[in-house]
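Under the working numbering, the first residue of the sequence shown carries the number 520, and numbering increases by one thereafter.
Virtual Cβ for every residue (Gly too), placed ideally from N, Cα, C.
The structure displayed is predicted, hence computed values, not measured ones.
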Amino acid sequence: MLKIAKTSAARHLGAAAAVALTLAGGAALATPASASSDTSGAKPRAQTFELVGKQTSADEVDLGKAGFSVGDQRIVHEDLYRGGEKVGDHSAACTVTQVSPAALQCLGTFSLPEGQFAAQSLLHLPAPASVDVAVTGGSGEYSAARGFIRTVPAGETERHFTVHLER
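And the structure:
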């Protein structure tokens with residue numbers, strides 16, 4: 520197992536993994552920042568909403584060379600909250616693609632009652648104070664979702680997500 524769990528790289532990796540991966544949100548959970556539609560409904564609806572992720576499990580997988588090396592992974596699962604109420608969950612996996620300087624490819628999925636959406640990011644360590652993660656697709660209400668998620672760590676096991684979507 521990777522021995523980075525107590526290093527700042529591990530803290531950033533865990534935060535980044537959760538952030539860089541996908542996020543799903545529901546219309547009931549979302550507060551539209553702006554919504555526009557013509558009579559044909561062809562224009563995308565823009566919405567922005569906040570979620571809090573609280574980590575429920577995390578682990579490192581040491582593949583290949585012993586220690587922090589290309590191919591190693593950090594796997595994270597979180598419960599998602601809005602207004603103190605659990606509304607969904609989120610899983611992410613970050614794979615080390617370069618050791619020095621450290622870089623990780625992160626992929627994740629957010630699941631909410633109205634559907635799911637996926638996100639991805641190439642994360643360079645040390646991670647910045649916030650990371651913008653691209654929304655790459657979805658299902659259900661989010662089948663045409665595009666946008667980004669700004670993630671901000673709030674300690675070692677909590678993250679704040681601001682989701683910006685067009686769908």
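Per DSSP, which one or two residues make a beta bridge with residue i?
i      : result
Ser576 : His596
Arg669 : Asp651, Thr681
Phe568 : Val682
Gly634 : Leu631
Thr614 : Gln592, Gln624
Glu604 : Arg601
Does the distance from the CB of residue i to the CB of residue j come in under 7 Å?
i      : j      : result
Val652 : Ala673 : no
Ser649 : Arg678 : no
His643 : Ala622 : yes
Phe680 : Gly657 : no
Gln592 : Val606 : no
Glu604 : Gly634 : no
Ala646 : Cys625 : no
Ala663 : Val654 : no
My assumption, with CB atoms under 8 Å, is that residue i sits in contact with residue j. Please give the rounded CB distance.
i      : j      : result
Thr614 : Gly590 : 7 Å
Glu685 : Ala565 : 5 Å
*Ignoring anything shorter than 3 residues or poking outside the stretch 637-661, list the beta strand (DSSP E) runs there in chain order.*
List check, beta strand (DSSP E) in window: 650-657.
*Is there contact between the stretch 614-632 and the stretch 569-588, where contact requires at least three CB pairs shorter than 8 Å?*
yes
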